[in-house]
Amino acid sequence: MSEVLDGYEQWLKGAWLTLQLTVYGSGVALVLALVFGLAGTSRHAWIRVLNRVYVEFFRGTATLVLLFWFFYALPLVGIRLNSTMFAAVLALGLNIGAYGAEVVRGSIKAVPRAQYEATIALNFTPLQRMRRVLLPQGFALMLPPFGNLLIELMKGTAIVSLVGLTDLTTVSKNLQSSTGETVASFSLVLVIYFVIAQILQLFVRFAEARVDRMLGRRPSREPELGTLAAGAPGAGVAS
Amino acid sequence: MEWDWSYTGDIIPDLLRGLRYTVIATLLGYLIAVVLGLVWALLRRTPNVVVRQVVRWVTEFIRCTPLIPQLFFAFYVLPTWGLTFGKLTVGVLMLGIHYSTYMAEVYRAGIADVPRGQWEAAKALNLPRTRVWLDVVLPQAVRKVIPTLGNYLIAMFKDSPLLLAIGVPELLTSARSVGARTFEYLEPMTMVGVLFIVVSVISSILLRRLERHYATN
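Note that the protein sequences, when read in sequence, are chains A and B.
For the first sequence, the residue numbers in this note's numbering are 32 to 270.
For the second sequence, the residue numbers in this note's numbering are 165 to 381.
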């Protein structure tokens with residue numbers, strides 16, 4: 032065990048890379064989710080088609096397959112992504128973003144219809160309607176599934192160990208082969224991932240409580256079928 | 165670089181052999197997950213507080229940690245305890261166990277969704293505990309969660325390439341080894357992507373049909 036702990040500098044570096052991938056990946060995913068999710072609520076059919084194509088395509092591919100494709104195939108057609116890191120962030124972001132887009136679309140749709148009608152009666156512009164009424168209320172619905180997706184993304188970062196980046200998983204593998212402490216190194220890496228996930232969950236709970244307070248609502252902690260994974264791990268919202 | 169159709173044709177048999185492993189791993193893993201998930205969910209309803217909390221944290225732990233280090237753990241640690249399995253067996257087991265923790269949450273929500281009146285009626289009729297569960301609660305709960313459970317089949321299919329980490333010869337592994345042999349990665353990798361999308365989209369269409377079939381409201 033002590034030999035494994037002696038490699039703490041490597042562990043820290045690995046954890047830092049895992050965190051970086053999680054943060055950048057979720058940034059990309061959030062932007063894509065908002066853009067394509069809002070596109071899915073558009074009145075124009077051709078904008079909605081954009082949403083469908085993006086969601087079906089990237090929900091249908093496995094992140095690892097996408098990453099391998101970026102890594103092995105893209106350079107052959109002349110497109111070189113600057114770094115493996117960038118390819119990984121892009122693959123994770125595109126994939127989780129597709130689940131996120133469904134969450135955004137579902138949440139906006141789940142805002143009571145009377146709210147939408149009220150904005151029309153008050154002669155709001157479409158932008159005002161979205162920014163002042165639909166998004167703030169939809170956001171409260173989005174947060175719990177977004178929290179699940181964040182954990183999924185964090186777990187997804189482990190795939191970079193298969194294309195040669197030194198994240199937590201790679202570190203555990205390296206230490207296992209250099210020290211021979213199989214049980215210790217693989218147990219420790221799982222515990223570190225678990226701690227990171229719990230911290231991320233705390234953040235999400237905190238954000239949920241804030242948003243609920245902002246809207247004057249009381250949060251409910253019971254799991255509901257509608258908010259559980261309607262599509263895949265962590266995605267989906269009552270619709 | 166040009167897309168080479170005759171090369172694409174040559175590698176198809178290799179890829180299909182890989183796809184067979186992918187499908188086997190997914191289906192067997194799914195079977196484990198569906199059964200084990202229900203076991204977790206039922207254990208979380210036992211009157212024993214210790215069992216409930218242990219199951220809760222164990223499933224939470226498995227759900228919150230990535231599959232790849234879990235695979236490493238099972239693949240490298242189990243033999244030191246005297247348990248030696250093949251690569252595919254370890255892969256199927258871990259895939260199943262990992263997803264069973266998701267399924268447990270789904271079953272739990274389904275059970276919580278059974279109206280209170282049903283429990284009260286069962287109690288009023290003085291049904292024994294096993295009959296309450298087998299004849300009243302579970303039939304209603306399971307029916308409700310079938311579409312959600314189906315979605316996890318697709319999710320597991322898409323996570324099966326992770327078995328590459330311990331060297332199961334599944335679809336992505338075979339594409340990579342074909343590529344390594346010929347130094348032509350474009351066709352095998354693209355074909356893998358296409359195969360994944362085709363299978364996922366077809367199965368999600370089938371699932372939506374199933375969902376409509378089981379829709380209760």
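Note that CB positions come from ideal geometry on N, CA and C, so glycine has one too.
In this text, all values refer to a predicted model and were calculated from it rather than measured experimentally.
Interface residues of chain B facing residue i [CB-CB closer than 9 Å]
{"i": "glutamine 207(A)", "result": "Phe236, Tyr240"}
Secondary structure of residue i, DSSP reduced to three states
{"i": "aspartate 174(B)", "result": "helix"}
{"i": "threonine 156(A)", "result": "coil"}
{"i": "arginine 293(B)", "result": "helix"}
{"i": "aspartate 198(A)", "result": "coil"}
{"i": "alanine 260(A)", "result": "Legend: pLDDT at alanine 260(A) = 43, less than 50; position of this residue unreliable, value from coordinates given subsequently. Coil."}
{"i": "glutamate 166(B)", "result": "coil"}
{"i": "asparagine 212(B)", "result": "coil"}
{"i": "valine 332(B)", "result": "coil"}
{"i": "valine 234(A)", "result": "For the sequence presented, residue 234(A) should be read as phenylalanine rather than valine. Here phenylalanine 234(A) sits in helix by DSSP."}
{"i": "serine 341(B)", "result": "helix"}
{"i": "aspartate 323(B)", "result": "helix"}
{"i": "proline 175(A)", "result": "helix"}
{"i": "glutamate 212(A)", "result": "coil"}
{"i": "leucine 247(B)", "result": "coil"}
{"i": "leucine 246(A)", "result": "coil"}
{"i": "histidine 75(A)", "result": "coil"}
{"i": "phenylalanine 347(B)", "result": "coil"}
{"i": "serine 270(A)", "result": "With a pLDDT of 31 at serine 270(A), under the threshold of 50, the modelled position of this residue cannot be trusted; read the value that follows with caution. Reduced to three states, the DSSP call for serine 270(A) is coil."}
{"i": "glycine 38(A)", "result": "coil"}
{"i": "threonine 1(A)", "result": "Because residue 1(A) is not part of the residues shown, which for chain A are 32 to 270, the question remains open."}
{"i": "serine 368(B)", "result": "helix"}
{"i": "asparagine 381(B)", "result": "Any answer about asparagine 381(B) is weak, because its pLDDT of 47 lies below 50 and its placement is not dependable; what the coordinates show is given next. Three-state result, asparagine 381(B): coil."}
{"i": "aspartate 299(B)", "result": "helix"}
{"i": "serine 203(A)", "result": "helix"}
{"i": "valine 281(A)", "result": "Here chain A has residues from 32 to 270 only, and residue 281(A) is not among them."}
Contacts of residue i in chain A (Cβ-Cβ under 8 Å)
{"i": "threonine 244(B)", "result": "Thr213, Val214"}
{"i": "aspartate 323(B)", "result": "Ala93"}
{"i": "phenylalanine 225(B)", "result": "Leu221, Phe225"}
Chain A contact residues for residue i, given Cβ-Cβ distances below 9 Å
{"i": "proline 233(B)", "result": "Ala189, Ser192, Leu199, Thr200, Ser203, Lys204, Phe217, Val220, Leu221, Tyr224"}
{"i": "glycine 314(B)", "result": "Those within 9 Å of glycine 314(B) in chain A number zero; the least Cβ separation is about 11 Å."}
Closer than 8 Å to chain A by CB, residue i
{"i": "threonine 172(B)", "result": "no"}
{"i": "methionine 258(B)", "result": "no"}
{"i": "alanine 329(B)", "result": "yes"}
{"i": "glycine 182(B)", "result": "no"}
{"i": "glycine 201(B)", "result": "no"}
{"i": "glycine 343(B)", "result": "yes"}
Per-residue contacts from residue i into chain B (C-beta, under 7 Å)
{"i": "isoleucine 182(A)", "result": "Cys228"}
{"i": "valine 96(A)", "result": "Pro325, Leu336, Val356, Gly357, Phe360"}
{"i": "glutamate 87(A)", "result": "Val365"}
Interface partners of residue i on chain B, CB under 8 Å
{"i": "lysine 186(A)", "result": "Cys228, Thr229, Pro230, Leu231"}
{"i": "alanine 228(A)", "result": "Cys228, Thr229"}
Chain B within 8 Å of residue i, Cβ atoms only
{"i": "tryptophan 100(A)", "result": "yes"}
{"i": "proline 264(A)", "result": "Because the pLDDT of proline 264(A) is 44, which lies under 50, any placement of that residue in the model is unreliable, and the question is left without a value."}
*asked:* Under 8 Å, with one C-beta from each stretch per pair, do the stretch 313–331 of chain B and the stretch 67–80 of chain A reach the 3-pair mark?
replied: no
Note to self: Quick test of the definition: if touching needs 3 or more C-beta pairs under 8 Å, does the stretch 294–307 of chain B touch the stretch 165–174 of chain B?
What the structure shows: no
- Message: If contact is defined by three or more beta carbon pairs under 8 Å, each pair taking one atom from either stretch, is the stretch 227–238 of chain B in contact with the stretch 181–196 of chain A?
- Response: yes
Touch test, the stretch 195–204 of chain B against the stretch 197–209 of chain A, Cβ-Cβ under 8 Å, three pairs minimum | no
Are the stretch 153–172 of chain A and the stretch 79–98 of chain A touching, with three or more C-beta to C-beta distances below 8 Å? no
(message) So, does the stretch 232–243 of chain A touch the stretch 169–178 of chain A, judging by three or more C-beta pairs under 8 Å?
(response) yes
query = Quick one: any contact between the stretch 362–381 of chain B and the stretch 215–222 of chain B, if contact means 3 or more CB pairs under 8 Å?
reply = Contact between the stretch 362–381 of chain B and the stretch 215–222 of chain B is absent, because fewer than three Cβ pairs lie under 8 Å.
Query raised in the report: Between the stretch 319–333 of chain B and the stretch 93–105 of chain A, do three or more beta carbon pairs fall short of 8 Å?
Result: The stretch 319–333 of chain B makes contact with the stretch 93–105 of chain A, as at least three CB pairs between them are under 8 Å.
- Query: Any chance the stretch 49–68 of chain A sits against the stretch 128–147 of chain A, with 3 or more Cβ pairs inside 8 Å?
  - Reply: yes
| query | Would you call the stretch 233–248 of chain B and the stretch 218–231 of chain A in contact, with 3 or more CB pairs under 8 Å? | reply | yes
### Message
Using a Cβ distance threshold of 8 Å, determine whether the stretch 47–62 of chain A contacts the stretch 113–123 of chain A, with at least three qualifying pairs required.
### Response
yes
### Query
Would the stretch 346–360 of chain B and the stretch 97–110 of chain A be scored as touching if the rule is three or more Cβ pairs under 8 Å?
yes
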